[in-house]
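K.L.:
Counting with numbering that gives the first Met the number 0, you get residues 0 to 323 for the letters of the sequence shown.
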Amino acid sequence: MNLAEQRIPTSIAKPQRRSVVEVTNLTKHYGDFVALNTVNLSVLPGEVLGILGPNGAGKTTLLEILEGLKQPTYGDAMVLGMRPDIRTLELKAQTAVVMQHNALSPLLTVLETVRLYATIYHKNIDIKAFLEKTGLADKQHSRVRHLSGGQKQRLTIALALLSDAQLMFLDEPTSELDPQARRMVWELLQQRCREQGTALVLTTHQMEEAAALCDRIIILDQGQILAEGSPEELVQTYCPGQRISFSCQNRSQIRDLTKLSFPITTHDRNNQVDVVIQCQDLQQTLQELLNLAQKTSLVIPDLRVTSNTLEDVFLHLTGRHLRD
């Protein structure tokens, strides 16, 4: 069973719950450039909303408006019933931000940092147990400046979990973590959502993370929302069926593939070309592909058949891979 299948929704929609984020016709211009174009979205308590999009799609601008760092050109954004650009003490106390580039004090140790934040947040906790739970116990006496990027990232998330925030914004929260640490962070975040009703709004380039962690996903491109739904809903709506994938050693073979009766998607990678074919009738598609290989110079050394994923949905909607 894959992680997406194991994902347990952290929220159960209740009709009378008030949204913690409400965005209406949000638009942001930079001169003639439209970074966001009439974006509408909402986030419920305890919900994990993922924002996916290629570079330049408008993800950062959207988060910056929700965090109160920028003002929209048009439209409205409300966070916990308040305008985010008016950073009141009440709003600051109820939100937490986890960025890729943190602002930790480099001279403090991990233990000193956690103690400091526990004092700031008025938390009377077992520091040793908290460090064990967050995977930081073995680094508790290390100064922050000596931590790796992944260890700093884990510490930043741990500090956010100390707060009483009803809403957390996370920008690439596990980008520098190894797979084991990444899954530990997912479990901590999901536990926080379930037990305290905290809502998460996150951006990620990890499709596995989006599928495992998010209750709902929006796909953003060129400042507009292209699609919205749970990971399962997006796959079923935009990419039902299966996919065939293989690699070609040179682009000359791609010309042969244009003779097929169905569309293909290609992506250049490490001196080879990755080919993906979406199909509804697997047997018919394979037969046509193998017939073409027999008649041409097409060589298919590593053909694979898999179920469609969020990556396929993203590629279908934007024409690009997530990191492009």
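Note that the Cβ used here is the ideal one computed from N, Cα and C, for glycine as well.
What you are looking at is a predicted structure, and each value in this text was computed from that prediction instead of being measured.
In whole angstroms, give me the CA-to-CA distance for Met81 and Leu219.
P.N.:
24 Å
K.L.:
Just curious, the beta strand (DSSP E) that Leu25 is in, first and last residue?
P.N.:
Val20 to Tyr29
K.L.:
In this structure, what does DSSP give as the bridge partners for Tyr73?
P.N.:
Thr26
K.L.:
Could you give the first and the last residue of the continuous beta strand (DSSP E) run that contains Glu227?
P.N.:
Gln223 to Gly228
K.L.:
Can you tell me where the alpha helix (DSSP H) holding Asn290 begins and where it ends?
P.N.:
Leu281 to Lys294
K.L.:
How is the alpha helix (DSSP H) around His315 delimited, first residue to last?
P.N.:
Here the alpha helix (DSSP H) through His315 covers Leu309 to Thr317.
K.L.:
Output the distance between the C-alpha atoms of Leu88 and Met167, rounded to the nearest integer angstrom.
P.N.:
Rounded to the nearest angstrom, the two C-alpha atoms are 16 Å apart.
K.L.:
Could you check where the alpha helix (DSSP H) with Ser244 kicks off and where it finishes?
P.N.:
Per DSSP, Ser244 belongs to no alpha helix (DSSP H); it is in the beta strand (DSSP E), Gln241 to Cys247.
K.L.:
Please state the DSSP three-state secondary structure of His324.
P.N.:
Any property of residue 324 remains undetermined from this structure, which presents the chain solely from 0 to 323.
K.L.:
Is the CB-CB distance between Thr202 and Leu62 below 8 Å?
P.N.:
yes
K.L.:
Ordered along the chain, which non-local residues of its own chain (more than five positions away) have a Cβ less than 7 Å from that of Val42?
P.N.:
Ser18, Val19, Val20, Leu48, Ala198 and Val200
K.L.:
Please determine if the segment 240-255 and the segment 293-312 are in contact, where contact requires at least 3 C-beta pairs separated by less than 8 Å.
P.N.:
yes
K.L.:
Please state whether DSSP places Ser251 in a helix, a strand or coil.
P.N.:
helix
K.L.:
So Gly148 packs on Asp177, CB below 8 Å; how close in whole Å?
P.N.:
Contact doesn't hold; Cβ gap of about 11 Å is too wide.
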